[in-house]
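In what follows, a single structure is set out as structure tokens and then discussed.
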Amino acid sequence: MLRFAPNLLRRFSNSATSTIHVYRLTHCTFFEHHRPQQQLLLRFITGSASSPSLSIWRRKKEMGKEGLIVVKELKRIQSNLIRLDRFISSHVSRLLKSDLVAVLVELQRQNQVFLCMKLYNVVRKEVWYRPDMFFYRDMLMMLAKNKRVEETKQVWEDLKGEGVLFDQHTFGDIMRAYLDNAMPSEAMDIYREMRQSPDRPLSLPFRVILKGLVPYPELREQVKDDFLELFPDMIVYDPPEDLFEEDEGMCKSVK
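With the working numbering applied, the sequence shown corresponds to residues 153 to 407, in that order.
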């Protein structure tokens, strides 16, 4: 009987209804007596994408036809708040989870801050919503690109209220995004959160931050002192002084 397993595997892997066949197979006598083979076939056919540990915000976002229509309509009516709220209640809230996630990601890609904040609040009210580091990371990255201070404060309050913890690399990436968009005050607020994190400090995120702080010498010295205290055996390579002056002049022109 075992010699038929490869043929079964090929047939199931090429079928759109393989999941149903797998379910039926798990109840047959063959699989009752061959548990290891059953588990191997199930893992191969269903794949690792079904793992519950994989965040929905890290998966590839493929938007269906309904999602595309929603994005277009949201952009069209966003200036009319009454119509917008009605449309969100009647259409957006009825989207499947995958489509709602894809719509939010697409609006982030287009830097539609106002609509992103609208959908951000919709997502957090969904029954399937769970606090997620990547959900908040993507929101903060989008807000950094658009230099939005008030929205950043709101999102930070929300994630802290939900007990979301960033890892050290994510802290470094988010802080660098704010520095690259000339928002040093907000970046240093994030840095203070990073220093209070229970996560073990890592050297690489600090180096990312120190590079982003080159246009801000005083702030860079503060972070550099912390870095040398945490990692006394490591060396920080400072850029030439004329580079500081050049970057400082660029920051003034940006302001």
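Here a beta-carbon is modelled for each residue, glycine too, at the ideal position from N, C-alpha and C.
Same chain, Cβ closer than 7 Å to Pro391, five either side skipped, listed in chain order: Counting from one through the sequence shown, the residue named residue 391 turns up at place 239. Taken in chain order, the residues that qualify are Val366.
Continuous alpha helix (DSSP H) stretch holding Asn273: start and end: Locating residue 273 in the sequence shown gives position 121, where the first residue counts as 1. First-last of the alpha helix (DSSP H) with Asn273: 265-275.
CB of Val275 within 8 Å of CB of Leu259, strictly: By one-based count along the sequence shown, residue 275 stands at place 123. By one-based count along the sequence shown, residue 259 stands at place 107. Contact: no.
Coarse secondary structure for Glu338, derived from DSSP in three states: Taking the first residue of the sequence shown as 1, we reach residue 338 at position 186. Here Glu338 sits in helix by DSSP.
Per-residue burial, Gln264 [other beta carbons within 10 Å of its own, 16 or more giving buried]: Position 112 of the sequence shown, counted from the start, is the residue given in the question as residue 264. Burial call: buried.
Cβ-based neighbour list, Arg238, same chain, cut-off 8 Å, excluding 5 preceding and 5 following: One-based indexing of the sequence shown puts residue 238 at position 86. No residues qualify anywhere along the chain.
Rounded Cβ spacing between Phe286 and Trp209 (contact assumed at less than 8 Å): For the purposes of this step, residue 286 is taken as residue 134 along the sequence shown, with counting starting at 1. For the purposes of this step, residue 209 is taken as residue 57 along the sequence shown, with counting starting at 1. With a Cβ gap of about 4 Å, Phe286 and Trp209 count as contacting.
Rounded distance between the beta-carbons of Leu247 and Glu218, thought under 8 Å: For this step, residue 218 is matched to residue 66 along the sequence shown. For this step, residue 247 is matched to residue 95 along the sequence shown. Right, their Cβ atoms sit about 7 Å apart.
Trp409 - DSSP class collapsed to helix/strand/coil: Only positions 153 to 407 of the chain appear in the structure, and residue 409 is not among them; the question remains open.
Selected residue, minimal CA-CA separation from Ser337, among Phe383, Asp377, Arg300: Your numbering for residue 337 matches position 185 in the sequence shown. Comparing Cα-Cα distances from Ser337 to each of Phe383, Asp377, Arg300, the minimum goes to Arg300.
Met291 (DSSP reduced to helix, strand or coil): The residue you call residue 291 lines up with position 139 of the sequence shown. Helix.
Sub-8 Å separation of Ile326 and Leu292 beta-carbons: What you label residue 326 is simply residue 174 of the sequence shown in a count that begins at 1. What you label residue 292 is simply residue 140 of the sequence shown in a count that begins at 1. Yes, Cβ-Cβ distance for Ile326 and Leu292 is below 8 Å.
Which of helix, strand or coil DSSP assigns to Ser245: Counting from 1 along the sequence shown, the entry for residue 245 is found at position 93. Helix.
Nonlocal neighbours in the same chain, by C-beta distance under 6 Å from Phe358, ignoring five residues either side: Translated into positions along the sequence shown, residue 358 becomes position 206. Around Phe358: Phe379.
Endpoints, alpha helix (DSSP H) assigned at Gly216: Counting from one through the sequence shown, the residue named residue 216 turns up at place 64. That residue, Gly216, is in no alpha helix (DSSP H); it is neither H nor E in DSSP.
Coarse secondary structure for Gln262, derived from DSSP in three states: Translated into positions along the sequence shown, residue 262 becomes position 110. Coil at Gln262, not helix or strand.
Member of Glu381, Arg372, Gln348, Ala296 whose CA lies at the smallest distance from the CA of Met335: In the sequence shown, residue 335 corresponds to position 183, counting from 1. Closest option to Met335, Cα to Cα, is Ala296.
Contact check, Gln374 vs Pro353, beta carbons under 8 Å: What you label residue 374 is simply residue 222 of the sequence shown in a count that begins at 1. What you label residue 353 is simply residue 201 of the sequence shown in a count that begins at 1. No, they are not a contact pair.
Close-in-space but distant-in-sequence residues of the same chain around Tyr330 (CB under 6 Å, 5 per side omitted): One-based indexing of the sequence shown puts residue 330 at position 178. Excluding positions up to five away in sequence, the list reads Ala296, Glu338, Ala339.
Cβ shell of Gly315 (< 7 Å), same chain only, five flanking positions each side left out: On the sequence shown, residue 315 is found 163 positions in, with the first residue counted as 1. Excluding residues within five positions, the ones whose Cβ falls inside 7 Å are Pro283.
Residues of its chain near Val223, where Cβ-Cβ distance is below 6 Å and the 5 sequence neighbours each way are ignored: For the purposes of this step, residue 223 is taken as the residue at position 71 of the sequence shown. For Val223, where only same-chain residues beyond five positions count, the Cβ hits under 6 Å are Val255, Glu258.
Own chain residues within Cβ distance below 7 Å of Gly216, not counting five before or after: Position 64 of the sequence shown, counted from the start, is the residue given in the question as residue 216. Closer than 7 Å at the Cβ level, and outside the excluded window around Gly216, lie Asp251.
CB of Asp332 within 8 Å of CB of Gly364, strictly: Your numbering for residue 332 matches position 180 in the sequence shown. Your numbering for residue 364 matches position 212 in the sequence shown. Their beta carbons are under 8 Å apart, which means Asp332 touches Gly364 by this criterion.
Burial state of Val244 (16 or more Cβ within 10 Å): If you number the sequence shown from 1, residue 244 lands on position 92. By the neighbour-count rule (16 or more Cβ atoms within 10 Å), Val244 is buried.
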